[in-house]
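Student:
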Ligand SMILES: [Cu+2]
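Numbering (my numbering), first residue to last: 153 to 286.
1. Sorted by chain position, which residues of the same chain lie with C-beta nearer than 7 Å to residue 258's C-beta, five sequence neighbours on each side aside?
2. Give me the Cβ distance between residue 215 and residue 246, rounded to the nearest whole Å; I'm assuming they're in contact under 8 Å.
3. Anyone know if the C-beta pair for residue 223 and residue 203 falls short of 8 Å?
4. So is the beta-carbon of residue 227 under 7 Å away from any non-hydrogen atom of ligand 1?
5. Measure the beta-carbon distance from residue 232 to residue 253 and round it to whole angstroms, keeping in mind my assumption that it falls under 8 Å.
6. For residue 190, count neighbouring C-beta atoms within 10 Å of its own C-beta (all shown protein chains included) and say buried if the count is 16 or more, exposed if not.
7. Would residue 234 pass as an interface residue toward chain C - the criterion being a Cβ-Cβ separation below 8 Å?
8. Do residue 221 and ligand 3 come close, with the Cβ less than 7 Å from some heavy atom?
9. Quick one: Cα of residue 239 to Cα of residue 221, how far?
10. Going by DSSP in three states, residue 162 sits in which element: helix, strand or coil?
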């Protein structure tokens with residue numbers, strides 16, 4: 153085997169090692185969205201989005217799968233986050249957003265005021281304690 157060929161093989165091996173290293177780092181650093189499924193049901197004549205509370209941390213990427221089990225379209229709105237969707241009858245859709253603002257954000261159906269929604273609770277990330285002025 154020639155010297156240059158051996159050198160090429162060596163380089164190819166290093167490249168393979170390097171790309172393997174990069175591939176193993178990227179998925180660990182890319183933020184996985186927090187996934188939740190909300191289902192639209194009727195309970196004794198009352199339409200409800202369930203579960204009625206979703207809790208995430210500030211800065212989280214959030215993906216909500218909205219499933220409409222009913223025979224007519226229903227809305228899904230989180231005004232504070234800028235989400236406004238209509239889910240078709242027996243259909244489903246995914247909404248994605250970043251939970252940028254901490255606090256309690258109401259969600260519900262913009263099409264039917266009586267349709268019960270819930271709250272998205274965005275919890276502030278824990279920070280190191282700051283020294284307070286006395
Ligand atoms: Cu509705």
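Beta carbons: idealized from backbone N, C-alpha and C, even for Gly.
Tutor: Based on what the coordinates show:
1. On the chain shown, position 106 is the one that residue 258 refers to. Counting only Cβ-Cβ distances below 7 Å, and skipping sequence neighbours, we find 269 and 271.
2. Start at 1 with the first residue of the chain shown, and residue 215 comes out as number 63. Start at 1 with the first residue of the chain shown, and residue 246 comes out as number 94. With a Cβ gap of about 6 Å, residue 215 and residue 246 count as contacting.
3. Here residue 223 refers to the residue found at position 71 when the chain shown is read from its first residue. Here residue 203 refers to the residue found at position 51 when the chain shown is read from its first residue. Against a cut-off of 8 Å, the Cβ pair of residue 203 and residue 223 comes out as no contact.
4. Looking up residue 227 in the chain shown gives position 75. Yes; taking the cut-off as 7 Å, the Cβ of residue 227 has a heavy atom of ligand 1 nearer than that.
5. Position 80 of the chain shown, counted from the first residue, corresponds to residue 232. Position 101 of the chain shown, counted from the first residue, corresponds to residue 253. Rounded to the nearest angstrom, the Cβ distance from residue 232 to residue 253 is 6 Å, consistent with a contact under 8 Å.
6. By 1-based counting over the chain shown, the position of residue 190 is 38. Residue 190 comes out buried.
7. Included in the structure is just one protein chain, with no chain C present.
8. Among the ligands modelled here, namely ligand 1, ligand 3 does not occur.
9. The count along the chain shown starts at 1 and reaches residue 239 at position 87. The count along the chain shown starts at 1 and reaches residue 221 at position 69. C-alpha separation (whole angstroms): 10 Å.
10. The sequence position of residue 162 within the chain shown is 10, counting from 1. Helix.
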